[in-house]
Amino acid sequence: MSSTACILCGFVTFLVNTQPVHLLPEIITIGGLFDKGDIKQEVAFRYAVDRVNHEKILGTRTKLRTIIEKIPPFDSFLASKRVCNLVRSGVAAIFGPQSGQTSSHVQSICDALEIPHIETRWDYRLRRDDYSVNLYPHPSSLSKAYLDLVRLFQWKSFCILYEDNEGLVRLQELLKTPSPNEFRVSIRQLPRGDDYRSLLSEVKATLEQNIILDCKTEKVADVLRQAQQIGMMSSFHNYIISSLDLHLVNLDDFKYGGSNITAVRLIDPEREEVRDVMLDWESGRALHAHKHLDKDLINKLRNISFWTTETALMYDAVKLFVMAIQALDNSTDVQMTSLVCEGEDAWVHGNSLINYMKLVKLNGLTGNIEFDALGFRTDFCLDIIELGMYNLTKNAHVVQSIQVGTWSKKTGANYTRTYQDTYRKIVDGLQNKTLVVSFAFNDPYIMKKAGWEDLQGNDRFEGFCVDLLTEIASILKFNYSLVPVPQNLYGSRDRVTGEWNGMIKELLEQRADMAITDLTINFEREQAVDFTMPFMNLGISILYKKPQKTAPSLFSFLSPLSLEVWMYMITAYVGVAFLLYILARFTPYEWQNPHPCNPEPDTLENQFTLLNCLWFAIGSLMQQGCDFLPQAVSTRMVAGMWWFFTLIMISSYTANLAAFLTVERMESPIESAEDLAKQTRIKYGSLASGSTTAFFRDSNLDTYKRMWAFMESTTPSVFVSSNANGVKKVQEENGHYAYLMESTSIEYVVERHCDLTQIGGLLDTKSYGIALPPGSPYTSAISSAILSLQETSTIQLLKRKWWKERKGAGKCNTSKDESGSSSMASELNLNNVGGVFVVLLSGMGLALVVAIGEFALECWDISKEDEVPLAAVLSKELKFVFKCKGSSKPVRKKDSEIDTGDNNLYSTETYGYGAKNPLT
Numbered sequence: 000m001s002s003t004a005c006i007l008c009g010f011v012t013f014l015v016n017t018q019p020v021h022l023l024p025e026i027i028t029i030g031g032l033f034d035k036g037d038i039k040q041e042v043a044f045r046y047a048v049d050r051v052n053h054e055k056i057l058g059t060r061t062k063l064r065t066i067i068e069k070i071p072p073f074d075s076f077l078a079s080k081r082v083c084n085l086v087r088s089g090v091a092a093i094f095g096p097q098s099g100q101t102s103s104h105v106q107s108i109c110d111a112l113e114i115p116h117i118e119t120r121w122d123y124r125l126r127r128d129d130y131s132v133n134l135y136p137h138p139s140s141l142s143k144a145y146l147d148l149v150r151l152f153q154w155k156s157f158c159i160l161y162e163d164n165e166g167l168v169r170l171q172e173l174l175k176t177p178s179p180n181e182f183r184v185s186i187r188q189l190p191r192g193d194d195y196r197s198l199l200s201e202v203k204a205t206l207e208q209n210i211i212l213d214c215k216t217e218k219v220a221d222v223l224r225q226a227q228q229i230g231m232m233s234s235f236h237n238y239i240i241s242s243l244d245l246h247l248v249n250l251d252d253f254k255y256g257g258s259n260i261t262a263v264r265l266i267d268p269e270r271e272e273v274r275d276v277m278l279d280w281e282s283g284r285a286l287h288a289h290k291h292l293d294k295d296l297i298n299k300l301r302n303i304s305f306w307t308t309e310t311a312l313m314y315d316a317v318k319l320f321v322m323a324i325q326a327l328d329n330s331t332d333v334q335m336t337s338l339v340c341e342g343e344d345a346w347v348h349g350n351s352l353i354n355y356m357k358l359v360k361l362n363g364l365t366g367n368i369e370f371d372a373l374g375f376r377t378d379f380c381l382d383i384i385e386l387g388m389y390n391l392t393k394n395a396h397v398v399q400s401i402q403v404g405t406w407s408k409k410t411g412a413n414y415t416r417t418y419q420d421t422y423r424k425i426v427d428g429l430q431n432k433t434l435v436v437s438f439a440f441n442d443p444y445i446m447k448k449a450g451w452e453d454l455q456g457n458d459r460f461e462g463f464c465v466d467l468l469t470e471i472a473s474i475l476k477f478n479y480s481l482v483p484v485p486q487n488l489y490g491s492r493d494r495v496t497g498e499w500n501g502m503i504k505e506l507l508e509q510r511a512d513m514a515i516t517d518l519t520i521n522f523e524r525e526q527a528v529d530f531t532m533p534f535m536n537l538g539i540s541i542l543y544k545k546p547q548k549t550a551p552s553l554f555s556f557l558s559p560l561s562l563e564v565w566m567y568m569i570t571a572y573v574g575v576a577f578l579l580y581i582l583a584r585f586t587p588y589e590w591q592n593p594h595p596c597n598p599e600p601d602t603l604e605n606q607f608t609l610l611n612c613l614w615f616a617i618g619s620l621m622q623q624g625c626d627f628l629p630q631a632v633s634t635r636m637v638a639g640m641w642w643f644f645t646l647i648m649i650s651s652y653t654a655n656l657a658a659f660l661t662v663e664r665m666e667s668p669i670e671s672a673e674d675l676a677k678q679t680r681i682k683y684g685s686l687a688s689g690s691t692t693a694f695f696r697d698s699n700l701d702t703y704k705r706m707w708a709f710m711e712s713t714t715p716s717v718f719v720s721s722n723a724n725g726v727k728k729v730q731e732e733n734g735h736y737a738y739l740m741e742s743t744s745i746e747y748v749v750e751r752h753c754d755l756t757q758i759g760g761l762l763d764t765k766s767y768g769i770a771l772p773p774g775s776p777y778t779s780a781i782s783s784a785i786l787s788l789q790e791t792s793t794i795q796l797l798k799r800k801w802w803k804e805r806k807g808a809g810k811c812n813t814s815k816d817e818s819g820s821s822s823m824a825s826e827l828n829l830n831n832v833g834g835v836f837v838v839l840l841s842g843m844g845l846a847l848v849v850a851i852g853e854f855a856l857e858c859w860d861i862s863k864e865d866e867v868p869l870a871a872v873l874s875k876e877l878k879f880v881f882k883c884k885g886s887s888k889p890v891r892k893k894d895s896e897i898d899t900g901d902n903n904l905y906s907t908e909t910y911g912y913g914a915k916n917p918l919t
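Residue numbers for the sequence shown follow numbering that gives the first Met the number 0, beginning at 0 and rising by one.
As structure tokens, this is what we get:
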């Protein structure tokens with residue numbers, strides 16, 4: 000508002016609050032034009048005038064007089080004649096009519112005669128004439144309020160149901176929103192008549208949950224009731240009603256539906272002035288004080304609610320006129336003039352009076368009233384109201400429209416309801432409500448009870464999720480009905496059609512209020528439905544046949560050292576023996592006297608021959624020693640270093656041998672997902688429809704992309720319809736199939752199937768949550784309940800119950816630790832040390848072969864030297880060997896060495912092989 004307008008406004012306020020200088024006429028006539036049948040406006044107009052006169056607002060001598068004209072809503076000609084009748088009576092202002100078709104004709108006559116025209120009707124015109132004001136908020140302002148509400152509620156889409164074209168004008172801001180991608184809007188017109196079910200069914204088929212309803216206040220209850228009949232008044236549906244009189248609609252039928260019904264209003268029933276007027280209205284005292292009102296009209300006044308916006312606006316319009324005429328009286332003498340429509344004269348005070356109306360500020364029943372330069376109401380405030388229930392007693396409620404915020408053109412929508420108020424409303428709406436819960440079978444989350452065919456309802460099922468749901472229901476005090484999903488599908492979106500299946504589809508099509516099982520929270524599902532906070536955290540892992548114990552190798556005693564080390568040890572053994580042989584020949588201290596009794600021997604001997612060096616080295620390596628030792632410093636240094644080497648190597652071998660022989664090793668062909676991706680012999684797969692499949696399908700890691708390509712292209716298919724089938728396939732394929740599934744499910748399976756195990760760690764991190772339809776009001780309440788159960792360790796106790804204590808758990812428990820090895824060393828059997836016996840037997844066999852060779856070679860030498868047959872030598876020697884008597888053997892001599900005297904101790908009888916006896 001300009002500074003000049005502010006000065007004039009202050010001047011008007013000063014004039015109103017000072018003693019009038021001039022006297023108003025005794026009678027001030029105002030005219031009222033009302034559509035036939037519109038008794039509300041007429042009654043409100045009469046009541047406001049009578050209240051002004053009764054309270055003597057214009058003074059003791061001045062009264063308002065009304066002239067009422069009733070006209071058909073669409074008869075402009077008759078309306079013009081009625082206006083001419085009013086101006087001939089000398090009216091100071093004309094109120095009404097409500098019909099837009101006749102209002103423009105009335106306005107043109109008032110402009111020509113300069114008589115103020117005061118309206119309280121909805122008007123979509125963007126500008127007004129000079130002699131007109133309208134107390135009804137302009138449609139652009141109301142439309143902006145609805146747009147702010149949509150943004151406040153963060154609706155992504157909504158459907159507009161409108162009755163006539165005026166509704167589209169009221170909602171024009173929603174249709175021309177600056178950002179076309181901000182939300183999706185669909186528009187449907189309500190059919191004529193009173194049956195809207197077919198249209199509402201079409202809207203329901205689109206799965207739209209947010210509705211903006213624009214229709215007459217009298218039709219709101221019928222539309223909502225029919226929406227309730229087809230299932231569109233659930234807790235997942237939200238309504239914004241464009242009517243400013245929602246407080247007049249009986250909403251008792253919808254108090255238990257849970258739908259969020261929102262509207263705005265101009266009238267605040269809690270304001271003191273409003274309560275005073277209503278008490279006076281309902282008591283009838285003000286009506287009986289005026290004898291000129293007939294009984295029929297009094298009865299009509301009592302039976303008509305004064306809470307409609309238009310009737311309150313009519314009351315405020317009369318008050319506005321009174322304040323303006325008082326201000327005009329303080330500045331000039333007000334004279335009432337009779338005019339004719341055909342003349343050229345105009346009312347001299349009309350221009351001043353209309354200007355005072357535009358400058359006056361009034362706090363009426365509909366809040367702050369002031370106008371801009373165009374005559375439109377500005378700077379008004381709307382209350383944001385919602386359907387709510389107040390507790391009267393423990394078991395009784397009353398339905399009321401509760402104020403939850405305010406809206407103004409300057410500040411927009413302000414939601415004053417706190418989080419605690421919202422949460423309390425949600426919890427109250429949940430109490431005694433029965434929610435349909437969709438689920439998919441999977442052990443141990445939800446399973447069929449033994450003998451479930453003979454049971455009914457929820458008693459047929461058991462499991463971790465059933466117990467969890469029972470705990471949540473006990474906290475929030477609601478009931479639930481478990482319904483298995485067709486084909487036991489969790490929910491995935493078709494890449495081509497974009498349609499969902501499984502439990503997600505049940506939620507989107509509003510056949511279920513909740514979905515629970517081991518349902519993974521992922522990005523794709525989160526975009527489609529709402530999830531509570533997680534009740535379990537996990538990741539994808541590999542289920543595989545437990546690796547078999549490695550069959551002990553015959554030469555397992557070689558395992559402590561690698562083949563490379565064994566080769567280096569043999570090389571070191573040969574090298575040390577050869578070096579010792581060379582050094583012993585170099586050094587003079589290793590050449591010894593072979594006959595110690597002869598101080599001057601002819602020859603010296605070196606005991607470190609090549610064979611003796613090899614014997615010395617092997618004796619040291621075996622830690623047994625031998626019958627000769629090095630004498631020189633150099634050879635002793637070699638021997639010392641070799642002994643140190645053998646000490647370390649034998650000690651390391653002994654220590655490692657104990658672990659290798661006492662620990663049972665497990666042999667598994669795969670240890671991780673990378674091992675799976677690098678081979679094709681072992682097939683692997685996952686659930687055909689679920690988050691695990693989506694993880695590999697959408698992953699950008701090369702390993703997982705390669706795994707997905709393998710799974711997708713493998714024939715026959717490696718995907719299974721359920722986790723139970725996947726477990727069965729792993730068992731039946733006996734090491735040729737690995738199943739990818741959630742770690743918690745694997746934990747449950749390996750507790751009950753001792754031949755299965757988990758391979759590797761987690762491939763990702765994910766969580767299980769409870770899914771609800773998008774925009775569900777129950778998400779926060781159920782999340783709070785889950786958090787409460789986590790803090791009290793209830794969820795951990797439930798998991799222990801179903802994983803560790805129920806349905807065959809614990810039968811695979813042994814004394815082994817998590818690594819699979821025994822906590823105590825097991826005894827060794829022949830399989831562990833059999834190789835040592837083989838080496839011993841092999842050595843003994845080799846020694847026997849060498850001994851036979853030595854024996855045969857010696858017999859061959861004797862046969863050649865003595866020129867006797869080899870067979871005779873062999874026979875003689877074998878007889879001596881197998882005689883097994885005595886431990887001495889005579890020395891064989893040549894014939895020249897045999898003594899022919901009597902002292903000869905040997906004879907050919909005892910030694911010879913057939914040679915002549917010299918004594919014969």
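Where is the CB? At the ideal position from N, CA and C, for every residue including glycine.
Note that the structure is predicted; figures quoted are calculated from it, not measured.
In terms of CA proximity to residue 132, 109 leads the group 154, 153, 493, 109. Assigned with DSSP and collapsed to three states, residue 226 falls in helix. The beta-bridge partner set that DSSP reports for residue 210 consists of 158, 238. In the structure shown, the three-state DSSP call for residue 683 is strand. Residue environment analysis places residue 115 among the buried positions, since at least 16 neighbouring C-beta atoms fall within 10 angstroms of its C-beta. According to the DSSP secondary-structure assignment, residue 405 is paired through a beta bridge with 382, 413. Closest by C-alpha distance to residue 165, out of 99, 220, 175, 181, is 99. Rounded to whole angstroms, residue 741 and residue 619 show a C-alpha spacing of 58 Å. With respect to the C-alpha of residue 256, the residue from 433, 60, 554, 443 having the closest C-alpha is 433. Inclusion of residue 70 and residue 78 in the CB contact set at 8 Å is warranted, their separation being smaller than that value.
Membership of residue 611 in the alpha helix (DSSP H) is indicated by the continuous run 609–620. As the crow flies, the alpha-carbon of residue 136 is around 13 Å from that of residue 315. Under the three-state reduction of DSSP output, residue 767 falls in the strand class. Apart from the 5 residues on each side of it in sequence, residue 206 sits with its Cβ closer than 8 Å to the Cβ of 507, 508, 509 in its chain, given in chain order. In the DSSP assignment, residue 184 falls outside any alpha helix (DSSP H) and within the unbroken beta strand (DSSP E) covering 183–188. Counting only runs that start and end inside the region 507–532, the alpha helix (DSSP H) elements of at least 4 residues fall at 522–527. With 16 or more other Cβ atoms inside 10 Å of its own Cβ, residue 465 counts as buried. By the Cβ neighbour-count rule, residue 174 is exposed, with fewer than 16 other Cβ atoms within 10 Å of its own. Considered as a whole, the region 734–800 harbours 742–749, 778–790, 793–799 as its complete alpha helix (DSSP H) runs of no fewer than 4 residues, in chain order.
Just so you know, the alpha carbons of residue 458 and residue 438 end up roughly 15 Å apart. Of the candidates 847, 756, 313, 313 places its Cα closest to the Cα of residue 40. Residue range 259–264 is occupied by the beta strand (DSSP E) that includes residue 262. Using a Cβ-Cβ distance cut-off of 8 Å, the region 728–745 and the region 676–693 are in contact, since at least three pairs of beta carbons, one from each stretch, lie closer than that value. Taking the CA atoms as reference points, residue 81 sits about 39 Å from residue 187. In the three-state reduction of the DSSP assignment, residue 119 falls in the coil class, being assigned neither a helical nor a strand state. Note on geometry: alpha-carbon atoms of residue 171 and residue 233 lie some 28 Å from one another.
When DSSP states are grouped into helix, strand and coil, residue 535 belongs to the strand group. Per the Cβ contact rule, the region 708–720 is not in contact with the region 510–520 (fewer than 3 Cβ pairs under 8 Å). Residue state for residue 138 is assigned as helix, using DSSP reduced to three classes.
Proximity to residue 329 across 656, 57, 269, 881 peaks at 57, based on C-alpha coordinates. Taking C-beta atoms as the reference points, residue 794 and residue 531 fail to come closer than 8 Å.
Per DSSP, the continuous alpha helix (DSSP H) segment holding residue 725 begins and ends at 722–732. Residue pairing from DSSP places residue 375 in a beta bridge opposite 133. Around residue 182, the same chain offers 149, 154, 155, 156, 157, 176 as residues with beta carbons nearer than 8 Å, after the five sequence neighbours per side are excluded. If you draw a straight line from the Cα of residue 419 to the Cα of residue 400, it is about 18 Å long.
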